[in-house]
Amino acid sequence: MKTYRAFGLTLESEFPLPELCETRDAPDAEIRSGSVEPRSDALSPDGREIRVRQVASGTYLDGGVGRVLVTEGTTIVVDVAPGATGKAFRQFLLGPVLRLLLHQRGALVLHASAVRIGGRAVAFTGPSGAGKSTAAGACYANGHGLVADDIVPVRHDGGDAVVPPGFPRAKLAPATARELELPRVPNSPPNGRVYYRIERRFPSKPLPLSRIYVIAEGSEPQVADVSPGEAVFSIARNTYSTRDEDAEHFERCATLAKRVDVRRLSRPPALDRLDELVEVIEHDGRQAE
1 MKTYRAFGLT
11 LESEFPLPEL
21 CETRDAPDAE
31 IRSGSVEPRS
41 DALSPDGREI
51 RVRQVASGTY
61 LDGGVGRVLV
71 TEGTTIVVDV
81 APGATGKAFR
91 QFLLGPVLRL
101 LLHQRGALVL
111 HASAVRIGGR
121 AVAFTGPSGA
131 GKSTAAGACY
141 ANGHGLVADD
151 IVPVRHDGGD
161 AVVPPGFPRA
171 KLAPATAREL
181 ELPRVPNSPP
191 NGRVYYRIER
201 RFPSKPLPLS
211 RIYVIAEGSE
221 PQVADVSPGE
231 AVFSIARNTY
241 STRDEDAEHF
251 ERCATLAKRV
261 DVRRLSRPPA
271 LDRLDELVEV
281 IEHDGRQAE
């Protein structure tokens, strides 16, 4: 088995994970194959939506490409579905499954992408399709470093919210990647959102989180203030939680909203205006210093 580094964790995996950086450090958690009993209530009727179920031995997920049991933030047992491709399975493992593992280990897990601007992390969040990865990719193409894509776990170090680096890949639509001149990962499918290499300027250590931008479509790239209440709800809507911890989760979101600036970022849909978007983000950062 190989060991990999991602999100501040060392993962010992029975499955190859070429998207991650290899390491020789002692593992914090293991990923291994095993038998996971199916549950009929873990998928929506059309079989498309992943649903999480708490069971006596941990938390169960069924992503169609495999069944998974995650236990105590230290063990991921995987039962790969017959016929599942390696790439589809890894996207499930490095997305919903890893998000759950980080949650079990106490992180507040944002559905977001993050970049390094100066010495701090800036996160982009919002609903699916808002342009989180696109904004991060545009910042990278303009000289900043990617911190994480799709999953941004936040921990508190003293009074600071900090974000550990994920892995140097971003999942983008091919048209976006072409506009940003990013290299495609070998053997990627020709259509749909796929991984692209985002390796230069990738950080090696956690970074303090300074701002969270909630992305919304707009005619002009611009930044606007949000109320304290909207800041909390924006974080809560875009973080992972389970139903039995709603009150505690909301309190953690409120704490984060007090420690970082939460702003609304309007993004025009046209790809040829991404450089303007980055200029607005950079200017807003300078104003906050």
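Using the UniProt record's numbering, you'd call the opening residue of the sequence shown number 1 and step up by one each time.
Heads up, the beta-carbon is just placed ideally off N, CA and C, and yes, glycines get one too.
Computed from a predicted structure; not experimentally measured.
Look at Y240 here: in three-state DSSP terms it is coil, with no helix or strand label. Taking the Cα of P164 as reference, the smallest distance to any Cα among L180, P183 and R116 is reached at R116. Of the candidates F233, E282 and F167, F167 places its Cα closest to the Cα of E19. Selection I76, V260, D261 and V278 evaluated against R267 yields V278 as nearest (Cα-Cα).
Judged by beta-carbon spacing, L207 lies beyond the 8 Å limit of L108, meaning their Cβ atoms are not closer than that value. Nearest in C-alpha terms to L9, of all of G66, A177, T75 and F233, is T75.
By the neighbour-count definition (other C-beta atoms within 10 Å, threshold 16), V55 is an exposed residue.
When only Cα atoms are considered, C139 and S234 end up about 22 Å apart. When DSSP states are grouped into helix, strand and coil, A257 belongs to the helix group. In the same chain as P153, and ignoring 5 residues on each side of it, the C-beta atoms closer than 6 Å to its own belong to F7, L102, A107 and V109, in chain order. When the alpha-carbon of G285 is set against those of G218, V226, I212 and S241, the nearest one is in I212. At a Cβ-Cβ threshold of 8 Å, V70 and L94 do not count as neighbours.
DSSP, reduced to helix, strand and coil, places S133 within a helical segment of the structure shown. Residues V278 of the same chain have their beta carbon placed closer than 6 Å to that of N142, with the five preceding and five following residues left out of the count. As the crow flies, the alpha-carbon of V78 is around 7 Å from that of I31.
According to the DSSP secondary-structure assignment, Q222 is paired through a beta bridge with S266.
As the crow flies, the alpha-carbon of G73 is around 19 Å from that of R252.
About 5 Å separates the Cβ atoms of R263 and V223, confirming a contact at the 8 Å cut-off. In this structure, DSSP gives P18 a state outside helix and strand, which the three-state scheme calls coil.
If you draw a straight line from the Cα of G119 to the Cα of G145, it comes to about 10 Å.
Under the DSSP definition of a beta bridge, I281 lacks any partner. The DSSP assignment places no complete alpha helix (DSSP H) segment of no fewer than 4 residues inside the stretch 29 to 88. With contacts defined by Cβ atoms closer than 8 Å, I215 and A130 form a contacting pair. Y195 and R178 do not touch by the CB rule: their CB atoms are close to 15 Å apart, not below 8 Å. DSSP places T23 in no alpha helix (DSSP H); its state is neither H nor E.
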